[in-house]
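Here the structure is laid out as structure tokens; the discussion comes afterwards.
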Amino acid sequence: MATTSAESVDRIRPLVLCLAAWLVPGVGHLLLRRWQKAGVFFVVLLFMFVFGLGLDGRLFPFEVYQPLVVLAAVADVGLGLPWLVAKLLGYGAGDVIAVTFEYGNTFLIVAGLLNMLVVLDAYDTAVGRK
1 MATTSAESVD RIRPLVLCLA AWLVPGVGHL LLRRWQKAGV FFVVLLFMFV FGLGLDGRLF
61 PFEVYQPLVV LAAVADVGLG LPWLVAKLLG YGAGDVIAVT FEYGNTFLIV AGLLNMLVVL
121 DAYDTAVGRK
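Position one of the sequence shown corresponds to residue 1 (my numbering), numbered consecutively onward.
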């Protein structure tokens with residue numbers, strides 16, 4: 001019986017780690033005691049996100065009748081809590097006529113997608129693949 005509970009804990013731990021890594025960029029690596037990676041991921045991804053907002057980028061809504069907008073929205077959500085905080089505070093409306101609008105969108109989307117890769121890296125490290 002003890003091995004069964006130990007196996008379930010071993011299965012749950014990487015999933016909780018992934019949830020934490022998704023919510024706050026770099027926290028997954030922080031929990032794995034990979035201090036340098038955690039710091040780099042946290043600083044770089046948050047910088048990209050804030051820079052994208054500063055360039056008048058748009059946090060895309062989930063408009064199911066526009067498939068590409070949905071994909072961009074999923075990419076934006078990939079950053080976790082920073083995305084939620086920005087949405088709740090009303091940031092990310094985007095300014096379509098701004099010269100930097102598309103650059104801002106690109107920074108926001110790439111930050112979310114990179115965080116998804118960081119989550120996968122934390123998972124691989126947690127289960128011993130790295």
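Don't be surprised by glycine CBs; every beta carbon is placed ideally from N, CA and C.
Please classify valine 24: is it buried, with 16 or more other beta-carbons within 10 angstroms of its beta-carbon, or exposed? The residue is buried, with at least 16 neighbouring Cβ atoms inside 10 Å.
Pick out whichever of Ile109, Val99 and Leu79 has its Cα sitting closest to the Cα of glycine 28. Answer by Cα proximity: Leu79.
Within this structure, are the beta carbons of glycine 90 and aspartate 76 separated by less than 9 Å? No; because the gap between Cβ atoms is not below 9 Å, this pair is not in contact.
Considering only residues of the segment 28-55, which uninterrupted alpha helix (DSSP H) runs meet the minimum length of 4 residues and lie entirely inside it, listed in chain order? Runs found: 35-54.
Own chain partners of tryptophan 22 with C-beta closer than 6 Å, once the 5 adjacent residues on each side are dropped: Beyond the five residues adjoining it in sequence on each side, tryptophan 22 comes within less than 6 Å, by CB distance, of Gly80 and Val119 in the same chain, given in chain order.
Starting from phenylalanine 101, trace the alpha helix (DSSP H) in both directions and tell me its first and last residue. Where phenylalanine 101 is concerned, the enclosing alpha helix (DSSP H) stretches over 101-126.
Please determine if the segment 29-43 and the segment 64-73 are in contact, where contact requires at least 3 C-beta pairs separated by less than 8 Å. The segment 29-43, when compared against the segment 64-73, does not touch it at the 8 Å Cβ threshold.
Report the rounded CA-to-CA distance for proline 14 versus alanine 20, giving the unit in angstroms. Straight-line Cα distance between these residues: approximately 10 Å.
I believe leucine 108 touches glycine 57 by the beta-carbon criterion, under 8 Å. Please report the beta-carbon distance rounded to the nearest angstrom. For leucine 108 against glycine 57, the beta-carbon gap comes to about 4 Å, under 8 Å, which counts as contact.
So phenylalanine 42 and glycine 26 are in contact, right, with Cβ under 8 Å, and what is the actual spacing, rounded? That belief holds up - the Cβ atoms of phenylalanine 42 and glycine 26 are roughly 3 Å apart, short of 8 Å.
Among Ala98, Val16 and Phe49, which one has its Cα closest to the Cα of alanine 86? Among Ala98, Val16 and Phe49, the Cα nearest to that of alanine 86 belongs to Phe49.
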